[in-house]
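Working notes, beginning with the structure itself.
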Amino acid sequence: MVSLFRTSLISLLLLIRLSGLAQGQEAVAVFGADEDGATNSFVIHGSTDVGPFTPILEGFSARYPLVSLRYEQRSTNDIFELADRACSEGRASADLLISSSIDQQFKLVNDGCAQSHQSVFTEKAPDWASWRNEIFGLTRELAVIIYNRELMPPETVPASRFDLIDLLRRPGGRFQGRVATYDIEQAGVGYLFAFADSQAATTYGRLIEAFGRNDVYEACCSAEIIDGVAEGRFLLAYNMLGSYALARAASDPRIGIVAPDDYTLVLSRAALVPRGAAAADLAKAFIDYALSPEGRQFLKEAGLIVSKTDGTAKAAASKAGLKSAFRPIAFTPSLLVGLDRLKKRQFLKDWRSGVRGDSN
Numbered sequence: 002m003v004s005l006f007r008t009s010l011i012s013l014l015l016l017i018r019l020s021g022l023a024q025g026q027e028a029v030a031v032f033g034a035d036e037d038g039a040t041n042s043f044v045i046h047g048s049t050d051v052g053p054f055t056p057i058l059e060g061f062s063a064r065y066p067l068v069s070l071r072y073e074q075r076s077t078n079d080i081f082e083l084a085d086r087a088c089s090e091g092r093a094s095a096d097l098l099i100s101s102s103i104d105q106q107f108k109l110v111n112d113g114c115a116q117s118h119q120s121v122f123t124e125k126a127p128d129w130a131s132w133r134n135e136i137f138g139l140t141r142e143l144a145v146i147i148y149n150r151e152l153m154p155p156e157t158v159p160a161s162r163f164d165l166i167d168l169l170r171r172p173g174g175r176f177q178g179r180v181a182t183y184d185i186e187q188a189g190v191g192y193l194f195a196f197a198d199s200q201a202a203t204t205y206g207r208l209i210e211a212f213g214r215n216d217v218y219e220a221c222c223s224a225e226i227i228d229g230v231a232e233g234r235f236l237l238a239y240n241m242l243g244s245y246a247l248a249r250a251a252s253d254p255r256i257g258i259v260a261p262d263d264y265t266l267v268l269s270r271a272a273l274v275p276r277g278a279a280a281a282d283l284a285k286a287f288i289d290y291a292l293s294p295e296g297r298q299f300l301k302e303a304g305l306i307v308s309k310t311d312g313t314a315k316a317a318a319s320k321a322g323l324k325s326a327f328r329p330i331a332f333t334p335s336l337l338v339g340l341d342r343l344k345k346r347q348f349l350k351d352w353r354s355g356v357r358g359d360s361n
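In the working numbering, the protein residues as written are 2 to 361.
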C-alpha cells in the first residue's frame with residue numbers, strides 16, 4: 002500500500018491510501034492546478050520521502066498556480082533505470098530527477114542524458130556539489146550511526162568506526178542479528194555510502210568482517226531500519242541518512258544519533274534536467290528555487306540541510322559527532338569508478354562474501 006497526497010497551493014488537504022499506483026511508485030503527491038485546468042504539467046521523479054519534501058513543493062507550486070506539479074517518490078535504482086532507458090530511446094522519463102544516489106545521477110550526465118542550466122543561483126552552488134552546469138546538489142545530509150537510547154548505555158555508544166568495530170568484536174553475541182544497514186544491492190544510496198567508505202577508510206574491511214560476524218540485517222529503506230532501532234529489534238544501524246534520522250529523533254526520544262568523529266560522509270541530493278524534458282523551463286526554475294534563500298530555508302526546516310552549527314543537529318547528534326570532520330561526496334568523475342561494471346560486480350561479490358558469507 003502506498004500513499005497519494007493531494008495538496009492545494011498552501012496546504013496538504015487529503016491523504017488517501019491506494020493500491021493501484023504504477024509499478025515503481027512509492028508515493029505520489031500532486032500540487033497546484035487540476036490537470037484538466039492546468040496550463041502546463043511538471044513531473045518530478047525523486048527519492049526523497051514526500052513528507053519532508055512537501056513544504057518546498059508547495060512553496061514552488063504557489064509561484065506557479067496554473068501548473069500541475071506531480072511528484073513521484075521512487076527508489077533511487079528505479080529513478081536511474083527509468084531515466085537510463087528513456088535516454089537511450091531519445092526521450093525523458095520525467096522533467097526533473099532528484100536522487101540521493103549521486104553516482105547514478107552523475108552517470109546520466111556523463112552519458113549525455115542531461116541538459117545544461119546556468120543562473121545566478123547555480124553559480125553560487127559549492128564546487129563539490131555541481132558539475133558542468135548539468136547536475137546540482139540541493140541538500141546537505143550526513144551519513145550517521147543511529148542507536149536505541151533505552152538499550153544502549155552512553156558509555157557503549159560508538160563515536161567512530163573504530164569504536165563500532167571494537168564493539169561488534171566483543172564476545173557474548175549481544176549484537177548478533179541486532180545491527181542494521183542498507184542492502185547495497187537494493188538501495189542506491191547504500192551502495193554509494195559503502196563504496197565511499199571503501200575508498201576513504203582503512204577500517205572498511207574490518208567493518209565488513211564485523212558485520213558478517215554479527216549477522217547484520219540489510220534493508221532497502223530508511224524507514225524500516227529506523228523503526229527497527231526505535232522498537233529495539235536493532236540496537237544500532239550504520240550509514241543511515243541523517244535527515245530521516247534527525248526527523249525521527251525530534252519526536253522519538255528512543256533514537257540516538259552519532260556523526261562518526263573519524264569522518265562523516267556528507268551527501269547532497271543531485272538534481273538534473275533530462276534531455277527531452279517537456280517542462281525543462283519549470284525544472285530549471287525548480288532547481289533555482291531550491292538554491293534560493295526561500296528554498297534553502299524550506300529544506301533546512303525539513304532537516305535536509307544540516308551544518309555543524311545547525312540547532313537541530315546539536316539537539317539530536319552526539320557531542321563527538323559535531324566535532325567530526327565532514328567529508329562531502331564530491332560531484333566528480335571519480336563517482337563513476339564504483340559504477341564500472343566489473344568493479345561493481347567485484348565490490349558486490351566482496352560485500353556478499355564478507356557480510357553474508359556468500360561466495361557467489
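Ideal placement from N, C-alpha and C gives every residue a C-beta, glycine not left out. If you're wondering where the values come from, they're calculated on a predicted model, not measured in any experiment.
DSSP state of residue i mapped onto helix, strand, coil
i, result
"R75", "strand"
"A231", "helix"
"S131", "strand"
"E295", "helix"
"N41", "strand"
"R346", "helix"
"F137", "strand"
"K301", "helix"
"R357", "helix"
"I209", "helix"
"A317", "Low per-residue confidence applies at A317: pLDDT is 40, beneath 50, and the placement is therefore not dependable, though the value from the model is reported in the following sentence. Here A317 sits in helix by DSSP."
"E219", "strand"
"V338", "helix"
"F332", "coil"
"E156", "helix"
"A197", "helix"
"A224", "helix"
Neighbourhood of residue i by C-beta, 6 angstroms cutoff - its chain only, sequence neighbours within 5 removed
i, result
"G233", "N149 and L152"
"W132", "F332"
"I288", "F137 and A272"
"T40", "L67"
"P159", "L165 and L168"
"E73", "Q26, V29 and H46"
"D198", "Y205"
Reference residue i; option with closest CA among the options
i, options, result
"P53", "L337, A30 and D35", "A30"
"L283", "A28, D96, R92 and Q74", "D96"
"V121", "A291, S335, R353 and S76", "A291"
"G60", "G213, E302 and S131", "E302"
"V145", "Q347, L237, S335 and L340", "L237"
"P362", "I256, L58 and R346", "Outside the shown range of the chain, which is 2 to 361, sits residue 362, and nothing can be said about it."
"I136", "S308, T40 and P127", "P127"
"R214", "I288, Q177 and A202", "Q177"
"I80", "A251, E36, A272 and L208", "A272"
"S101", "G191, A326, A202 and Q347", "G191"
"S335", "D50, R353 and D104", "D104"
"A280", "D50, Y65 and T55", "Y65"
"A202", "G113, G174, Y264 and G358", "Y264"
"A188", "Q200, E225, A286 and K108", "E225"
Distance CB(residue i)-CB(residue j) smaller than 7 angstroms
i, j, result
"G243", "F235", "no"
"T182", "N240", "yes"
"F43", "L70", "yes"
"G296", "L247", "no"
"L1", "R270", "Within the shown structure, residues of the chain are numbered from 2 to 361, placing residue 1 beyond reach of any answer."
"G339", "F212", "no"
"G355", "E124", "no"
"F299", "I57", "yes"
"V231", "D184", "Per the sequence presented here, residue 231 reads as Ala, with Val not at that position. No; because the gap between Cβ atoms is not below 7 angstroms, this pair is not in contact."
"V259", "V217", "no"
"E186", "L268", "no"
"P275", "C114", "yes"
"G38", "S62", "no"
"I227", "R249", "yes"
Own chain residues within Cβ distance below 7 angstroms of residue i, not counting five before or after
i, result
"T204", "R162, F163 and I166"
"Q119", "N134"
"Q106", "L98, S100, I136, A271 and L273"
"G277", "G91, R92 and A93"
"W129", "P329, A331 and F332"
"K324", "In this prediction, K324 has a pLDDT of 48, which is less than 50 and means its spatial position is unreliable; nothing more can be read from the coordinates."
"I306", "T140, R141, R297 and L300"
Sequence-distant residues of its chain with Cβ nearer than 8 angstroms to residue i (five each side left out)
i, result
"R75", "G25, Q26, E27, H46, G47, S48 and L83"
"N111", "P334 and L337"
Check: residue i C-beta below 6 angstroms from any heavy atom of the ligand PLP
i, result
"N215", "Absent from the structure shown: the ligand PLP. Ligands present: none."
If you scan the region 235-289 from start to end, which runs of the beta strand (DSSP E) of 3 or more residues do you find wholly inside it? Those beta strand (DSSP E) runs which fall completely within the region 235-289 and span 3+ residues are 237-242, 256-259, 265-268 and 271-273.
Pick out the complete beta strand (DSSP E) segments inside the region 167-195, 3 residues or longer, and give them in chain order. 180-183
Tell me the start and end of each unbroken alpha helix (DSSP H) in the region 40-128 that is at least 4 residues and wholly inside, in chain order. The qualifying runs are 51-64, 77-89 and 103-111.
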